[in-house]
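Engineer:
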Amino acid sequence: MADKGPTASIEAVESGLAAQGYIASRQIATAVYLSQQIEKPILVEGPAGVGKTELAKAIAAWRGLKMIRLQCYEGLDEAKALYEWKYAKQLLYTQILKDKLGEVLGGAETLQDALAQLHDFGDVFFSKEFVEPRPLLQALEQPAGCVLLIDEIDKSDAEFESLLLEILSDFQVTIPELGTVTAVAAPTVILTSNSERDLGDALKRRCLHLHIGFPEQKLEERIVESRVPGISQTLRKQMVGFIHEVRSLDLKKLPSVSETIDWARVLVLLQAPELGSEIVKDTLNVLLKYEADIEATLPQVSTFIAKTSRQSVVFG
Amino acid sequence: MRENLHRFFRAARGAGVRLSPAESIDAMRAVSKVGFSDRTVLRDTFLLTLAKTQDEKKALGACFDLFFDQPEPAPPPSDESETDESDTLESGAASDAQGDADGGDQAQDLGQLAQMLLSQDRNAMAAAIANASNAAYLSDIRYFTQRGIFSGRILDQMGIQRLRDDLDALTATNPALAERLQTALDGLRDTVRETVSQALMLYGREEAENLRNEILRNAPLSRIEPRQVAQMRVLIRQIARRLRERYSKPRKRQRRGHLDVRRTIRRNAAWGGVPFLTAWKRRHRDKPKIIALCDVSGSVARVSDFFLLLIHSLHEVVSDVRSFAFSGHLIEVSDILESKSPEEAMAEIMSKVGFGSSDYGNSFADFEHEWMNAITPQTTVIILGDARSNNLDPRADILRRVGERSKRLVWLNPEGRMAWGWGDSEMPRYSTFCTVVRQCATAQQLERAVSDIVASYQ
Chain C
1 MADKGPTASI
11 EAVESGLAAQ
21 GYIASRQIAT
31 AVYLSQQIEK
41 PILVEGPAGV
51 GKTELAKAIA
61 AWRGLKMIRL
71 QCYEGLDEAK
81 ALYEWKYAKQ
91 LLYTQILKDK
101 LGEVLGGAET
111 LQDALAQLHD
121 FGDVFFSKEF
131 VEPRPLLQAL
141 EQPAGCVLLI
151 DEIDKSDAEF
161 ESLLLEILSD
171 FQVTIPELGT
181 VTAVAAPTVI
191 LTSNSERDLG
201 DALKRRCLHL
211 HIGFPEQKLE
221 ERIVESRVPG
231 ISQTLRKQMV
241 GFIHEVRSLD
251 LKKLPSVSET
261 IDWARVLVLL
271 QAPELGSEIV
281 KDTLNVLLKY
291 EADIEATLPQ
301 VSTFIAKTSR
311 QSVVFG
Chain R
317 MRENLHRFFR
327 AARGAGVRLS
337 PAESIDAMRA
347 VSKVGFSDRT
357 VLRDTFLLTL
367 AKTQDEKKAL
377 GACFDLFFDQ
387 PEPAPPPSDE
397 SETDESDTLE
407 SGAASDAQGD
417 ADGGDQAQDL
427 GQLAQMLLSQ
437 DRNAMAAAIA
447 NASNAAYLSD
457 IRYFTQRGIF
467 SGRILDQMGI
477 QRLRDDLDAL
487 TATNPALAER
497 LQTALDGLRD
507 TVRETVSQAL
517 MLYGREEAEN
527 LRNEILRNAP
537 LSRIEPRQVA
547 QMRVLIRQIA
557 RRLRERYSKP
567 RKRQRRGHLD
577 VRRTIRRNAA
587 WGGVPFLTAW
597 KRRHRDKPKI
607 IALCDVSGSV
617 ARVSDFFLLL
627 IHSLHEVVSD
637 VRSFAFSGHL
647 IEVSDILESK
657 SPEEAMAEIM
667 SKVGFGSSDY
677 GNSFADFEHE
687 WMNAITPQTT
697 VIILGDARSN
707 NLDPRADILR
717 RVGERSKRLV
727 WLNPEGRMAW
737 GWGDSEMPRY
747 STFCTVVRQC
757 ATAQQLERAV
767 SDIVASYQ
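In order, the protein sequences belong to chains C and R. By the working numbering, the letter at position 258 of the first sequence is numbered 258, and the numbering carries on one by one without gaps. By the working numbering, the letter at position 354 of the second sequence is numbered 670, and the numbering carries on one by one without gaps.
Rendered as structure tokens:
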């Protein structure tokens, strides 16, 4: 599905994603554009909550493709990710066909003959009908192509990575009984990772490597604007400025974009006209997820607010 | 342009980005899609296709800026390669031809170079310099001593000989013009020298780095100069990375003999529980547990510093490290090392135990008193020190008990074997109780020692 229409240029990608409410930086747009053009998976790394998974959803929505998601976890294996034989169905069919088998084999006089006749029927029970496709195989079978999201690949075992290699480089999998299944249309593959462990070089080599960090102030304001339309311009400037100040602190978990959006929603709900130290102190738990972080931030709140309102006066 | 890309890849390797041929092919394909018109897009493209970690992205970004900062034969080739991507090969040759053609059509007495210099056409100059550098194989430059040679070659290629003749002729006929030409020539020399220096920075880095690392690896750790400490830390991190890659592979091996009933039933559910396929219990091999005792007095301190850094960078390979530092007495330093940067941690350790002369007997007694039961039969105990105990009681009996409790007792001594047993060295007495005794004075020896220790668990 690498047709020239929607992915003709980097600008087209940018505006296409923006239409889905995903404000992409130039680098992200370039990555998406390239992945379509040279048919390579994208490996997205970055801190939690900067919109890695969201990117895949936005691409799927924009291109009108189905999104297939494979959530990785420790112990994920072939049977859950790729395919499994439908054991119950195989058993059931053997039972039902028992009489039929008797008829077929009835003519055979010796065991040798019966075996030979059985061989003529081929591997009926190991055919496509008895394969239960799991996300990876499903993704290859989509006639119109799809967006395959392999989420948090760093959580899976190192063995699972090697399983992915064939899919990532050639968009195909090999099932011993059936042969090689090649993708009908090459899917757009997005892998995300929180860098909990180092991924293997072989995997990295097959992907475009995109690092999404915390966005710049301007970009983040645009993201909030698109996600929380009800928020006033001054408040938006102030709160994004405030979050950027918070990120300069040495915290356990820095607030990321998803927290910014949540906070913006909360502020709109509370109908806050502008950022005051009272309301910030009350809602700080939306932004920060550790008690220690909140304690570290609290004394700084008024300074940050003063700073950001000064900024918004200058720029606004 | 393809030639340029190849040179860029080489420069990138020099900057420490590990590029495989497959990655450079990807990059080429990607570049052929985005074209050369937009510099930031080109930069992003390289960052996406070539660099695979944050550090690499940083290095590659810097390398990109440096590389494309060069005076380039700018407009003509980039236009071409945008319109027809397929024959990028020809475009390089085409620009060569153009460079020649430029000056040739103004038929005057003066040589091409002189005309170019006088016309002050910066683009043409840049193109000429780039072409001449190509012809002089500037990208082969490796060492700073080659700067003169390459500058000379480039100027030769540009036709400095002809220019000199022109200059001589002009001084006689038209002194004013000659003077202008002379100034322009001086400017040209400067530019060429700059180009060569830049090339050295790009292409020479890899070689220079290799050379420096090689020297550093074999230099005695205790005697390296303060300015090299930072480089040594980088080197130690590389070693740690290598060891991690080598030893962090899955550590399972099937052990026949014990049936894993649960997995066997699960696996054979398809056949109504008739066990066609058997599953056997697996034994997970233990990751190394290490207890390190480091002498931090005097000349051994530096070696201990690097050793501790190395041991504590091996998280994925080693499950449990506890480190202790001693000179006159012994304290545990694991927490300090885990929570602080190497520089700060070492400073704190030194301020706590770094003073005074070393007393091995007393330090061992401290260890036995408080931490002896930390040693399990899976533990490797590593002692790093010169075993010079200032003629105090060596307490080798404690060392014997440590050796009996632990899996292995390894002694690393920064001094050469020749010096063991001389003066106040207690090495011969201690070594009888150690599983392994080895010299460990350089980064290379340090790597081998730690590698062997980790390998003994595989």
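Built from N, CA and C at the ideal position, the CB exists for glycine as well. No experiment lies behind these values; they were computed from the predicted model shown.
Which parts of the stretch 101 to 134 of chain C are runs of the beta strand (DSSP E), unbroken and 3 residues or longer, counting only runs that do not cross its ends?
Structural biologist: Every beta strand (DSSP E) stretch that sits fully inside the stretch 101 to 134 of chain C and reaches 3 residues is listed by chain position as 131 to 133.
Engineer: Let me confirm a value: Pro255 (chain C) is counted as buried when at least 16 other C-beta atoms fall within 10 Å, else exposed. Which label applies?
Structural biologist: It counts as buried.
Engineer: Got a sec, what are the start and stop residues for the beta strand (DSSP E) Tyr738 (chain R) sits in?
Structural biologist: Note on identity: in this sequence residue 738 (chain R) is Trp, with Tyr being the wrong assignment. It is not in any beta strand (DSSP E) - Trp738 (chain R) carries neither H nor E in the DSSP assignment.
Engineer: Which value, in whole angstroms, describes the spacing of the CA atoms of Asp636 (chain R) and Asp77 (chain C)?
Structural biologist: 29 Å
Engineer: Starting from the C-beta of Leu725 (chain R), find all residues in its chain whose C-beta is less than 7 Å away, skip the five residues before and the five after it, and write them out in chain order.
Structural biologist: Counting only residues of its own chain and dropping the five nearest sequence neighbours on each side, Leu725 (chain R) has a CB closer than 7 Å to the CB of Val697, Val718, Gly719, Phe749, Cys750 and Thr751.
Engineer: Which whole runs of the beta strand (DSSP E) in the stretch 21 to 95 of chain C are 3 residues long or more, in chain order?
Structural biologist: If we require 3 residues or more, the beta strand (DSSP E) runs fully inside the stretch 21 to 95 of chain C come out as 42 to 45, 66 to 71 and 83 to 85.
Engineer: Between Leu777 (chain R) and the rest of its own chain, which residues show a CB-CB distance below 8 Å, the 5 nearest in sequence each way excluded?
Structural biologist: Residue 777 (chain R) lies beyond the stretch modelled for chain R, which goes from 317 to 774, so this question has no answer here.
Engineer: Note down the Cα distance separating Ala524 (chain R) from Ala442 (chain R), rounded to an integer number of angstroms.
Structural biologist: Distance between the alpha carbons of Ala524 (chain R) and Ala442 (chain R): 28 Å.
Engineer: On the three-state DSSP scale, how would you describe Lys289 (chain C)?
Structural biologist: DSSP places Lys289 (chain C) in the coil class of the three-state scheme, outside both helix and strand.
Engineer: From Thr30 (chain C) to Pro143 (chain C), what distance separates their C-alpha atoms?
Structural biologist: 26 Å
Engineer: Using the beta-carbon of each residue, which ones in chain C are nearer than 8 Å to Val333 (chain R)?
Structural biologist: Correct list: empty, because the minimum Cβ distance to chain C is about 11 Å.
Engineer: How many Å lie between Ser747 (chain R) and Gln27 (chain C) at the Cα?
Structural biologist: 59 Å
Engineer: Who are the neighbours of Leu364 (chain R) on chain C, taking C-beta pairs under 7 Å?
Structural biologist: Thr30, Ala31, Leu34, Leu208, His209 and Leu210
Engineer: Ile38 (chain C) CB to nearest chain R CB: under 7 Å?
Structural biologist: It does: the Cβ of Ile38 (chain C) has a partner Cβ on chain R nearer than 7 Å.
Engineer: What's the C-alpha gap between Ile769 (chain R) and Ile607 (chain R)?
Structural biologist: 12 Å
Engineer: Ser156 (chain C) and Arg206 (chain C): beta carbons closer than 7 Å?
Structural biologist: no
Engineer: Below 8 Å, how does it come out for the stretch 47 to 64 of chain C and the stretch 12 to 24 of chain C: are there three or more Cβ pairs, yes or no?
Structural biologist: Yes, the stretch 47 to 64 of chain C is in contact with the stretch 12 to 24 of chain C.
Engineer: For chain C, find out if any of its Cβ atoms is closer than 7 Å to the Cβ of Val357 (chain R); answer yes or no.
Structural biologist: yes
Engineer: Using the beta-carbon count (16 or more within 10 Å), is Thr308 (chain C) buried or exposed?
Structural biologist: Of the other Cβ atoms in all chains shown, 16 or more fall within 10 Å of the Cβ of Thr308 (chain C); this residue is therefore buried.
Engineer: Would you grab the beta carbon distance between Leu270 (chain C) and Ile261 (chain C) for me? Rounded to a whole angstrom, and I think it's under 8 Å.
Structural biologist: Contact flag wrong, Cβ pair sits at about 15 Å.
Engineer: Measuring only the C-alpha atoms, how far is Pro393 (chain R) from Met317 (chain R)?
Structural biologist: Because Pro393 (chain R) sits at a pLDDT of 36, beneath the cut-off of 50, its placement in the model cannot be relied upon, and the following sentence gives the value as read from the coordinates. The straight-line gap from Cα to Cα measures roughly 7 Å.
Engineer: To the nearest angstrom, report how far apart Ile243 (chain C) and His209 (chain C) are at their CA atoms.
Structural biologist: 27 Å
Engineer: Against chain C, does Gln554 (chain R) count as a neighbour if the rule is that its beta carbon must be under 7 Å from one of theirs?
Structural biologist: Interface with chain C (7 Å Cβ-Cβ cutoff): Gln554 (chain R) is excluded.
Engineer: Looking only at its chain, what residues have a beta carbon closer than 7 Å to the beta carbon of Arg265 (chain R), apart from the 5 residues adjacent to it on each side?
Structural biologist: Any property of residue 265 (chain R) remains undetermined from this structure, which presents chain R solely from 317 to 774.
Engineer: Just the C-alpha distance for Arg553 (chain R) and Leu626 (chain R), rounded to the nearest angstrom, thanks.
Structural biologist: 7 Å
Engineer: Does Tyr87 (chain C) come within less than 7 Å of chain R when only Cβ atoms are used?
Structural biologist: yes
Engineer: Output yes if chain A places a C-beta closer than 7 Å to the C-beta of Gln95 (chain C); else output no.
Structural biologist: As a matter of chain content, chain A is missing from the structure shown, whose protein chains are C and R.
Engineer: Extract the residue ranges of the beta strand (DSSP E) inside the stretch 661 to 748 of chain R, only unbroken runs of 3 or more that lie entirely within it.
Structural biologist: 695 to 700 and 724 to 729
Engineer: Evaluate Thr211 (chain C) with the Cβ neighbour count: other Cβ atoms within 10 Å of its Cβ, from every protein chain shown; 16 or more gives buried, anything less gives exposed.
Structural biologist: The sequence given here has His at residue 211 (chain C), not Thr. His211 (chain C) is buried by the Cβ-count criterion.
Engineer: Going by the CB atoms, is the gap between Leu486 (chain R) and Leu493 (chain R) shorter than 7 Å?
Structural biologist: Contact flag set, yes.
Engineer: Return helix, strand or coil for Pro299 (chain C), following the three-state DSSP convention.
Structural biologist: The three-state reading of DSSP puts Pro299 (chain C) in helix, counting H, G and I together.
Engineer: Ends of the beta strand (DSSP E) at Cys146 (chain C)?
Structural biologist: Cys146 to Asp151
Engineer: Excluding sequence positions up to five away, which residues of its chain have a Cβ less than 8 Å from the Cβ of Thr365 (chain R)?
Structural biologist: Glu339, Asp342, Ala343 and Ala346
Engineer: I want to see whether chain C comes within less than 7 Å of Lys349 (chain R), judged by CB atoms only; does it?
Structural biologist: yes
Engineer: Does any C-beta atom of chain C lie closer than 7 Å to the C-beta of Lys603 (chain R)?
Structural biologist: False, the Cβ-Cβ gap to chain C never drops below 7 Å.
Engineer: Is there a Cβ from chain R that is less than 7 Å from the Cβ of Gln27 (chain C)?
Structural biologist: yes
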